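In what follows, a single structure is set out as structure tokens and then discussed.
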Amino acid sequence: MEAAERRLKKDEDAAQDVRRALAATERSVQATSQILHYARQRATEPTALNPADVVCGLRGLIERAVGDDIELVFSTQGARRIVTTIAQLETALLNLVINARDAIHYKGRITLAIFPLDVDDVIAKTLHVPAGPYVAISVEDTGSGMSEEVKSRAFEPFFTTKPEGSGTGLGLSSVGNLMHSLGGTFVLTSELGQGTKVELLFPATDGLE
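Per my numbering, the sequence shown starts with residue 13, numbered consecutively.
Right, here's the structure in full:
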């Protein structure tokens, strides 16, 4: 970005656009850091909670992280509960939303959905989890998508496609570790130019309320 600004010094309007983009990027990085720090300071005791309630309470932070140019769609179905900490769930969701935002770059849509999912024996064998009731939380974006190589490494620790200084490569890795620790799993669906969807499957503590 800085090199581009130097090349565009003769065109003041274009240079101003570059400066505004730099400022917006810096604000985005700072906001992301502050938001994730806030989430990690939340309650640390595991409890049975309704994830829809957590998303409702987190909505303001999600909107702040995403900004005004990206459309946000929220969809919740059912009211199954899961056992985790508020901090773990909030941090996982924010990591997924921030990754989706970065994949979109400018204008697009992010859909955050929560719905009950009954995993039968066939699906359980495919996903390597026990059969039974689950809660699925998905974050889907209309961004740039991933190549097969990037998809295969997306949940590796320290792997990132972001520019140096813009990401640690630990966001998706921490989400994957959380799901395994809770006895759940995740499903990543993505194609270049077709966006990305990450589905988190949490074991449910009860049926529909």
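Quick reminder that beta carbons are idealized off the backbone N, C-alpha and C, glycines included. Quick caveat: nothing in here was measured; it's all calculated off a predicted structure.
Give me, in chain order, the residues of the same chain whose beta-carbon lies closer than 8 Å to that of residue i; leave out the 5 immediate sequence neighbours on both sides.
i    : result
H117 : G155 and S156
N135 : Checking the displayed sequence, the identity of residue 135 turns out to be Ile instead of Asn. Once the five neighbours on either side are set aside, the close Cβ partners of I135 are A143.
Can you check which of these residues, the options, is closest to residue i by C-alpha distance?
i    : options                   : result
L213 : F198, G205 and L106       : F198
G196 : I98, A115 and G144        : G144
T217 : P128, S202 and A166       : P128
G207 : D130, I149, G120 and I135 : G120
V66  : D80, V95 and V78          : V95
N189 : H140, T138 and A104       : A104
V187 : I110, C68, D133 and G205  : I110
Does DSSP put residue i in a helix, a strand or coil?
i    : result
E102 : helix
E211 : strand
M120 : Reading off the sequence, residue 120 comes out as Gly, not Met. Note: G120 maps to strand in three-state DSSP.
A33  : Reliability fails at A33, whose pLDDT of 47 lies under 50, so the model's placement of it is uncertain and no value is given.
E203 : coil
L84  : strand
L108 : helix
A64  : helix
A216 : strand
A77  : helix
A91  : coil
R39  : Low per-residue confidence applies at R39: pLDDT is 46, beneath 50, and the placement is therefore not dependable, though the value from the model is reported in the following sentence. DSSP places R39 in helix when its eight states are reduced to three.
Using C-beta distances below 6 Å, list every residue in its chain close to residue i, excluding the 5 sequence neighbours before and after it, in chain order.
i    : result
A112 : I122, V151 and D153
T88  : A64 and I126
L139 : T197
F86  : L124
E203 : G157
Confirm the yes/no value for this check: CB of residue i, any heavy atom of the ligand PLP, distance under 6 Å.
i    : result
D133 : The model on display carries no ligand, and the ligand PLP is accordingly not part of it.
Once the 5 residues before and after residue i are set aside, which same chain residues still bring their CB inside 7 Å of it?
i    : result
A166 : M158, L184 and L200
A115 : D153, G155, S156 and T208
Q. In chain order, which continuous runs of the beta strand (DSSP E) of length 3 or greater are located wholly inside the region 127–179?
A. 144–153
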